[in-house]
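Please read the structure below before turning to the comments.
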Ligand SMILES: NC(=O)c1ccc[n+]([C@@H]2O[C@H](COP(=O)([O-])OP(=O)(O)OC[C@H]3O[C@@H](n4cnc5c(N)ncnc54)[C@H](O)[C@@H]3O)[C@@H](O)[C@H]2O)c1
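Numbering (this note's numbering), first residue to last: 126 to 475.
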C-alpha cells in the first residue's frame with residue numbers, strides 16, 4: 126500500500142520532551158525562566174485582551190484531569206494536565222502535560238508541545254515573578270516544603286529573579302529531600318535539610334509550599350509564619366486540596382491569578398466567597414500595590430492559570446524557530462481539494 130506523502134500544510138511543529146530539554150539547555154535554565162517570566166508579565170499586563178474561564182476539571186477518586194484554554198485575537202492555546210498525588214508512589218509523575226497553540230485566523234495548530242517540563246518552568250517563573258513584588262527586600266533564604274518534581278525549578282527561578290541563595294528543605298519523605306539536596310547543591314545553592322516544617326521556616330524570608338496530597342493538609346500552621354514573610358503556596362490547587370491553615374489566610378494579604386478559578390481551587394476555598402484578594406495582573410500593571418510594609422504577610426495563592434501556559438507556548442514557539450528542536454508532525458489532514466477528504470482517504474488505499 127502506498128499512502129501519498131503529507132503536504133506541507135499537514136505538518137505541525139512538535140516539541141518532544143527530549144527537544145524541550147535540549148532547548149532549555151541551549152538557552153540555560155535560569156535564562157529560560159527569566160525570559161519566560163517576561164512573556165508571562167507581558168501577557169498578564171494585557172489581561173483584558175484574553176478570553177478567560179476557570180479550567181475545565183474532571184475529578185476522580187485519585188486525581189484530576191484538566192483542560193486549560195485561553196485565547197487573544199491572534200492565538201488560541203490550551204493545556205491538558207493531570208494531578209494525581211498517588212502517582213509518585215507507583216513510579217508515575219504527579220503532573221504531566223502537553224499543549225497546543227493555534228492560529229485564531231484559520232484554527233490551524235502552529236505548535237504542539239510537551240508541557241510537563243514546561244509546566245514546572247512556567248509555574249516557577251510565575252511564582253518568582255510575583256515574589257519580585259511581594260517578597261521582603263533583600264530576601265536570600267527560602268524554605269521549601271515539598272521536595273518533589275517542582276522543587277528545584279522553584280529554587281532556580283527564585284535565584285534568577287530574586288537572588289535567593291540559601292534553601293531550607295523539608296519533605297515527609299527524606300528520599301525526596303536527599304534528591305533535591307543533591308540537585309540543588311550541584312547548582313551552587315547553600316542547602317540546609319530540616320527535620321520538620323517548623324525547622325525549615327526558621328530564618329526564611331520566603332516560604333514555598335509545594336506538597337502533593339489529596340486532602341485539606343496543614344503544611345503550615347499559624348504559629349509557623351512570622352511577620353514580614355512571603356508565602357508562595359503552589360500545592361493547594363484543587364477542591365479539597367489545600368496546604369495552609371485558615372488562620373494564616375486571615376492575616377495575610379492574598380494575591381491570586383484569576384479569582385473565579387482560585388476561589389474553587391486555591392487556599393481561599395477555605396474563606397468566604399467575597400474575602401478580598403488582589404489580582405496579579407493589577408499588580409503587574411501598577412494598578413494595585415504588592416508589598417507595602419515590612420511586617421506584612423503576603424501570600425501568593427498559586428493554582429496555575431491558562432494564560433501562563435499560553436505565554437509558555439508563545440515563548441517556545443518563538444524560541445524554537447530556526448532551531449532543530451521542533452520536528453514536523455503529520456497531524457492535519459490536507460486533501461488537494463479541501464472538500465475531498467474522502468477522496469484523500471480512498472487514494473491511500475493504494
Ligand atoms: N500552582 C501551580 O501552578 C502548580 C503547578 C504544578 C504543580 N502544582 C502542584 O504542586 C504540588 C507539587 O507537585 P510535584 O509535581 O512537585 O509533586 P510530587 O509528587 O513530585 O512532590 C510532592 C512532594 O510533597 C511531599 N509531601 C506530601 N505531603 C507532605 C507533607 N504533609 N509535608 C511535607 N511534604 C509532603 C511528597 O513526599 C513529595 O515529595 C502538587 O500538589 C501539584 O498539584 C501546582
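In this text, a Cβ means the ideal position worked out from N, Cα and C, and glycines have one as well.
Which of helix, strand or coil does DSSP assign to residue i?
i	result
residue 292	strand
residue 233	coil
residue 347	helix
residue 336	coil
residue 367	strand
residue 357	strand
residue 317	strand
residue 213	helix
residue 445	helix
residue 467	helix
residue 176	strand
residue 387	helix
residue 238	strand
residue 189	strand
residue 342	strand
residue 262	coil
residue 473	coil
Name the two residues that bound the continuous beta strand (DSSP E) containing residue i.
i	result
residue 184	181-184
residue 304	No beta strand (DSSP E) holds residue 304; the alpha helix (DSSP H) holding it covers 299-311.
residue 481	An answer regarding residue 481 cannot be provided, because it is not within the stretch 126 to 475 covered by the chain.
residue 105	Because residue 105 is not part of the residues shown, which for the chain are 126 to 475, the question remains open.
Could you tell me if the beta carbon of residue i falls within a distance shorter than 8 Å of some heavy atom in ligand 3?
i	result
residue 458	Questions concerning ligand 3 fall outside what the structure shown contains, since the ligands it does hold are ligand 1.
Output the distance between the C-alpha atoms of residue i and residue j, rounded to the nearest integer angstrom.
i	j	result
residue 475	residue 134	22 Å
residue 244	residue 289	21 Å
residue 441	residue 348	42 Å
residue 166	residue 129	45 Å
residue 178	residue 438	18 Å
residue 429	residue 390	10 Å
residue 372	residue 318	27 Å
residue 421	residue 354	7 Å
residue 370	residue 343	6 Å
residue 403	residue 471	57 Å
residue 186	residue 446	41 Å
residue 163	residue 157	10 Å
residue 392	residue 278	22 Å
residue 188	residue 137	31 Å
residue 374	residue 334	14 Å
residue 253	residue 331	11 Å
residue 410	residue 170	5 Å
Report the partner residues of residue i according to the DSSP bridge assignment.
i	result
residue 453	138
residue 194	203
residue 378	423
Got a sec? Which residues, its chain only, sit under 6 Å from residue i by beta carbon, not counting five neighbours each side?
i	result
residue 281	154, 155
residue 341	367
residue 385	179
residue 382	405, 430
residue 272	294, 296, 301, 302, 305
Could you name the residues of the same chain whose beta carbon sits closer than 8 Å to that of residue i, not counting the 5 residues immediately before and after it, in chain order?
i	result
residue 460	466, 468, 469
residue 223	204, 205, 237, 238, 239, 240, 241
residue 221	206, 207, 241
Could you check where the alpha helix (DSSP H) with residue i kicks off and where it finishes?
i	result
residue 417	Unbroken run through residue 417: none, as it is neither H nor E.
residue 428	Premise fails: residue 428 is in no alpha helix (DSSP H) and is neither H nor E.
residue 255	241-259
residue 282	276-287
residue 170	154-170
residue 324	322-326
residue 407	405-409
So, at 7 Å on beta carbons, what are the nonlocal neighbours of residue i in its own chain, with the 5 sequence-adjacent residues on each side left out?
i	result
residue 250	158, 161, 162, 165, 282
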